[in-house]
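Participant: Take this structure first; my questions come after.
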């Protein structure tokens, strides 16, 4: 057991845990943030995606020791009031079907838009190919990302 | 030709020996000869044997002379023996060819692809999830290498492999992963390269990331991504040489002049 400290959704967090334990299980079982889902457990499906210093990491294979002293953002921390362009677009387009993979889809989409505010279809394919959806919501995910880009641009224009 | 010369030499020796012993025998036992001839009924024609022996000596001398002349002529006309430069070149090429078997092994080649996607598996198929190289070799957007690959292999069959970051002082940082491809600008392609092409590419600082020969040896000796090839995690095979053998071959190649296969 070892003390691990990091910034989780903007707040300092510190806990005693096994440093090799996957971040996913620390978030879900020790901290109680269950928005991040367990899918494959081997970094293939993207269900468990969270942000580490802005990068969309797979929390199911990331030892919690890696996040020591760094900023972690989960689906719960994307915004406090559902105002993030991705959240608004997802609700507007009604992307989810079963919804299980959607936290991961949204975290990857937010990562894409942070780096490329106006992505093309090709950019979206490059960014989102690692997030699998058994319901096949891929076309709605694509539309929602284009819509989120528009919302982001509108927010930017309004200052 | 040499065997004929040896035969001629032996004939000459025999002649001399026979002459010596026959003369001695003649002196010591001429009286016995007559007795022997009487007992066996055989009478030797001494004059004929004498002529034959002298003829044999003459023929032997001719053959030996011809052999010596041939040796003298060939000494002036034959190719010279290999120089030390040529020997070093042969050593260097042999060492590179051995190292090539490692460089093109999937554990190494899969991160040196000809295209813009990393490869995986012993059949070097494109990485799942359509992972891309990206400009800096670290992937793109939500699919960056270190989003999944950690600073160490994750335990379990075919789990994501990992390697620690290499700090400027040469130490390893086990909290930060180092997984990446070469950049798009210097892609360092191994896939599909012949031994000659790969050899020239590795020696060219414009194509090898600006490494000198000494730095190249250090890179294959100590880089955590190179070392990972011999500790690839469960379910993955290792290169045909040990890491020590591989480094030794690279060293032999470069220290013998770094010649490349044709």
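Protein chains in written order, with this note's numbering: chain A, 1 to 159; chain B, 160 to 421.
All C-beta atoms in this analysis are idealised placements derived from N, C-alpha and C, irrespective of residue type, glycine included.
1. From the beta carbon of residue 318 of chain B, is the nearest beta carbon of chain A less than 8 Å away?
2. In three-state DSSP terms, what is residue 261 of chain B?
3. Measure the Cβ-Cβ separation of residue 411 of chain B and residue 241 of chain B and say whether it is below 8 Å.
4. Throw me the rounded Cβ distance for the residue 93 of chain A and residue 143 of chain A pair, which I believe falls under 8 Å.
5. Taking just the CA atoms, how far does residue 224 of chain B sit from residue 198 of chain B?
6. Taking Cβ-Cβ distances shorter than 7 Å, what residues in chain B pair up with residue 58 of chain A?
7. If the cut is a Cβ gap below 7 Å, which residues of chain A does residue 112 of chain B touch?
8. Assuming residue 405 of chain B is part of the alpha helix (DSSP H), what are its boundary residues?
9. Are at least three pairs of beta-carbons, each pair with one atom in the segment 243-261 of chain B and one in the segment 379-399 of chain B, less than 8 Å apart?
10. Among the candidates B:261, B:336 and B:418, whose CA atom is the shortest distance from the CA of residue 308 of chain B?
11. When the Cα atoms are used, what is the spatial distance from residue 68 of chain A to residue 157 of chain A?
12. Please determine, among A:135, A:15 and A:10, the residue with the shortest C-alpha to C-alpha distance to residue 4 of chain A.
13. Which chain B residues are close to residue 54 of chain A, counting only those with a beta carbon under 7 Å from its beta carbon?
14. Leaving aside the five residues before and after residue 333 of chain B along the sequence, list all residues of the same chain whose C-beta is less than 7 Å from its C-beta, in chain order.
15. In the DSSP assignment, find the unbroken beta strand (DSSP E) run with residue 56 of chain A in it and report its ends.
16. In whole angstroms, what is the alpha-carbon distance linking residue 48 of chain A and residue 245 of chain B?
17. Using three-state DSSP, classify residue 185 of chain B as helix, strand or coil.
18. Using a Cβ cut-off of 7 Å, pull out every chain B residue sitting near residue 111 of chain A, in sequence order please.
19. Which whole runs of the beta strand (DSSP E) in the segment 308-340 of chain B are 3 residues long or more, in chain order?
20. Evaluate the contact criterion for the segment 274-285 of chain B versus the segment 115-124 of chain A: three or more CB pairs, one atom per stretch, below 8 Å.
21. Measuring straight from C-alpha to C-alpha, what distance separates residue 301 of chain B and residue 418 of chain B?
22. Would you check if the segment 284-300 of chain B and the segment 361-374 of chain B touch, i.e. whether three or more CB-CB distances between them fall below 8 Å?
23. Is residue 131 of chain A closer than 8 Å to residue 160 of chain A when the C-beta atoms are compared?
24. With a threshold of 16 other CB atoms inside 10 Å of the CB of residue 12 of chain A, please say whether the residue is buried or exposed.
25. Going along chain A in order, which residues have a C-beta closer than 7 Å to the C-beta of residue 292 of chain B?
26. Which same chain residues end up closer than 6 Å to residue 84 of chain A when comparing Cβ atoms and leaving out the 5 residues on each side of it in sequence?
27. Does the separation of the CB atoms of residue 319 of chain B and residue 64 of chain A fall below 8 Å?
28. Which residue marks the beginning of the beta strand (DSSP E) containing residue 118 of chain A, and which one marks its end?
29. Quick check on the burial criterion: 16 or more other C-beta atoms within 10 angstroms. Buried or exposed for residue 288 of chain B?
30. Using the three-state DSSP reduction, which class does residue 252 of chain B fall into: helix, strand or coil?
31. Looking at residue 86 of chain A and residue 110 of chain A, is the spacing between their C-beta atoms short of 8 Å?
32. Output the boundary residues of the alpha helix (DSSP H) element that contains residue 362 of chain B.
33. Are there 16 or more other CB atoms within 10 angstroms of the CB of residue 155 of chain A, so buried, or fewer, so exposed?
34. Let me see if you follow: with CB-CB separation under 8 Å, is residue 16 of chain A close to chain B or not?
35. What did DSSP end up calling residue 65 of chain A once you bin it into helix, strand or coil?
36. Below 8 Å between beta carbons: does that hold for residue 347 of chain B and residue 271 of chain B?
Facilitator: Reading it off the structure:
1. Start at 1 with the first residue of the second chain, and residue 318 of chain B comes out as number 159. Yes, residue 318 of chain B lies at the interface with chain A (some Cβ there is under 8 Å from its Cβ).
2. Residue numbering aside, residue 261 of chain B sits at position 102 when the second chain is read from its first letter. In the structure shown, residue 261 of chain B sits in a helix (DSSP, three-state: H, G or I).
3. Numbered from its first residue, the second chain carries residue 411 of chain B at position 252. Numbered from its first residue, the second chain carries residue 241 of chain B at position 82. In this structure, residue 241 of chain B does not lie closer than 8 Å to residue 411 of chain B by Cβ.
4. Taking the first residue of the first chain as 1, we reach residue 93 of chain A at position 93. Taking the first residue of the first chain as 1, we reach residue 143 of chain A at position 143. About 5 Å separates the two Cβ atoms, so the contact holds.
5. As a first step, residue 198 of chain B must be located in the second chain, where it is residue number 39. As a first step, residue 224 of chain B must be located in the second chain, where it is residue number 65. Confidence in residue 198 of chain B is poor, its pLDDT being 49 and thus under 50, which makes the residue's placement too unreliable to answer from.
6. Within the first chain, the letter at position 58 stands for residue 58 of chain A. In chain order: 306 and 307.
7. Residue coverage of chain B in this structure runs from 160 to 421, which leaves residue 112 of chain B outside it and unanswerable.
8. Translated into the one-based positions of the second chain, residue 405 of chain B becomes position 246. Note, residue 405 of chain B: alpha helix (DSSP H), 402-414.
9. yes
10. The sequence position of residue 308 of chain B within the second chain is 149, counting from 1. Minimum Cα distance to residue 308 of chain B is reached at B:336.
11. Within the first chain, numbered from 1, the residue matching residue 68 of chain A stands at position 68. Within the first chain, numbered from 1, the residue matching residue 157 of chain A stands at position 157. For the pair residue 68 of chain A and residue 157 of chain A, the Cα-to-Cα distance works out to about 36 Å.
12. Along the first chain, read from residue 1 onward, the residue named residue 4 of chain A stands at position 4. The option with the nearest alpha carbon to residue 4 of chain A is A:15.
13. Taking the first chain and counting its residues from 1, the one referred to as residue 54 of chain A is at position 54. Chain B residues near residue 54 of chain A: none, gap ~10 Å exceeds 7 Å.
14. Residue mapping note: residue 333 of chain B aligns to position 174 of the second chain, counting from 1. Here the set comprises 310, 311 and 323.
15. For this step, residue 56 of chain A is matched to residue 56 along the first chain. Residue 56 of chain A -> beta strand (DSSP E) spans 55-58.
16. Taking the first chain and counting its residues from 1, one reaches residue 48 of chain A at position 48. Taking the second chain and counting its residues from 1, one reaches residue 245 of chain B at position 86. C-alpha separation (whole angstroms): 60 Å.
17. Numbered from 1 along the second chain, position 26 holds the residue referred to as residue 185 of chain B. A caution first: residue 185 of chain B carries a pLDDT of 49, below 50, which makes its placement in the model too unreliable to give a value.
18. Stepping through the first chain from its first residue, residue 111 of chain A is reached at position 111. Within chain B, the residues near residue 111 of chain A are 300 and 301.
19. 323-325 and 331-336
20. no
21. Working through the second chain from its first residue, we reach residue 301 of chain B at position 142. Working through the second chain from its first residue, we reach residue 418 of chain B at position 259. Computed Cα separation, rounded: 43 Å.
22. Three or more Cβ pairs closer than 8 Å define a contact, and the segment 361-374 of chain B falls short of that threshold against the segment 284-300 of chain B.
23. In the structure displayed, chain A extends from 1 to 159; residue 160 of chain A sits before or after that span and is not available.
24. As a working note, residue 12 of chain A is residue 12 in the first chain. Classification for residue 12 of chain A: exposed.
25. For the purposes of this step, residue 292 of chain B is taken as the residue at position 133 of the second chain. Within 7 Å Cβ-Cβ: nothing; residue 292 of chain B doesn't reach chain A, min ~11 Å.
26. As a first step, residue 84 of chain A must be located in the first chain, where it is residue number 84. Once the five neighbours on either side are set aside, the close Cβ partners of residue 84 of chain A are 78.
27. Looking up residue 319 of chain B in the second chain gives position 160. Looking up residue 64 of chain A in the first chain gives position 64. It is not a contact, given that the beta carbons lie outside the stated cut-off.
28. Here residue 118 of chain A corresponds to residue number 118 of the first chain, with the count starting at 1. Element bounds for residue 118 of chain A: n/a, residue is neither H nor E.
29. Along the second chain, one-based indexing puts residue 288 of chain B at 129. So residue 288 of chain B counts as buried.
30. Residue 252 of chain B sits at position 93 when you count from the first residue of the second chain. Correct three-state label for residue 252 of chain B: helix.
31. For the purposes of this step, residue 110 of chain A is taken as residue 110 along the first chain, with counting starting at 1. For the purposes of this step, residue 86 of chain A is taken as residue 86 along the first chain, with counting starting at 1. Going by C-beta atoms, residue 110 of chain A is nearer than 8 Å to residue 86 of chain A.
32. Working through the second chain from its first residue, we reach residue 362 of chain B at position 203. Residues 354-362.
33. In the first chain, counting from the first residue as 1, residue 155 of chain A sits at position 155. Looking at its Cβ environment, which holds fewer than 16 other Cβ atoms inside 10 Å, residue 155 of chain A is exposed.
34. As a position in the first chain, residue 16 of chain A is number 16, starting the count at 1. For residue 16 of chain A, the answer is no, since every Cβ of chain B falls outside 8 Å of its Cβ.
35. Taking the first chain and counting its residues from 1, one reaches residue 65 of chain A at position 65. Residue 65 of chain A: helix per DSSP, three-state reduction.
36. Here residue 347 of chain B is taken as the residue at index 188 of the second chain, counted from 1. Here residue 271 of chain B is taken as the residue at index 112 of the second chain, counted from 1. Against a cut-off of 8 Å, the Cβ pair of residue 271 of chain B and residue 347 of chain B comes out as a contact.
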